[in-house]
Amino acid sequence: MIALPDPRSLSPQALELLRLLAVRAVVDLEMSQVDAATYYGVSPNAISQWVSLYHDQGEDGLSVNPQGRPMGSGRVFSPEQEDEIRRVVVESTPSEQKLPSGTWTRQAIAELIAQFLLKNRGFLFLKNCHNLL
């Protein structure tokens, strides 16, 4: 048996192929779900779910859906505002921004962001970002 990488580290395309191969082994080759799970390095529960999806939806049911929060959700700043903060950090020093630090530290950047929020969104929004400081 070939040692396979952890399926969680596979690309979506590779994971879809793994799912299809495992399901075909169960459905077409009549391999037991436990044997297929052992062979493909996944849990028997995963094989069972994949086989059910395959029976209900065909190969389309084996497609990999994106996991986690959508990119950009929960952002405080727009991409343009993030670029502006990056530009300030790259092109100036903390003292030029009236900050007490001589170099850009985490604390200095947090204070710059707090200033940016105060200037652009007002003090009421700043209270929600107390963990930045």
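So in this note's numbering, spot 22 of the sequence shown is number 76, and the numbers just go up one at a time.
Every residue, glycine too, gets a C-beta built ideally from N, C-alpha and C.
No experiment lies behind these values; they were computed from the predicted model shown.
Query	Result
Integer-rounded CB distance, given that serine 117 should sit under 8 Å from glutamate 70	6 Å
heavy atom of the ligand ZN below 7 Å from glycine 156 C-beta	This structure does not include the ligand ZN; it has no bound ligands of any sort.
Leucine 69 - containing alpha helix (DSSP H), residue span	66-81
Spatial distance of proline 61 from leucine 74 (CA atoms)	13 Å
Exposure label - valine 43; buried when at least 16 CB within 10 Å	Because the chain here runs from 55 to 187, residue 43 falls outside it and cannot be looked at.
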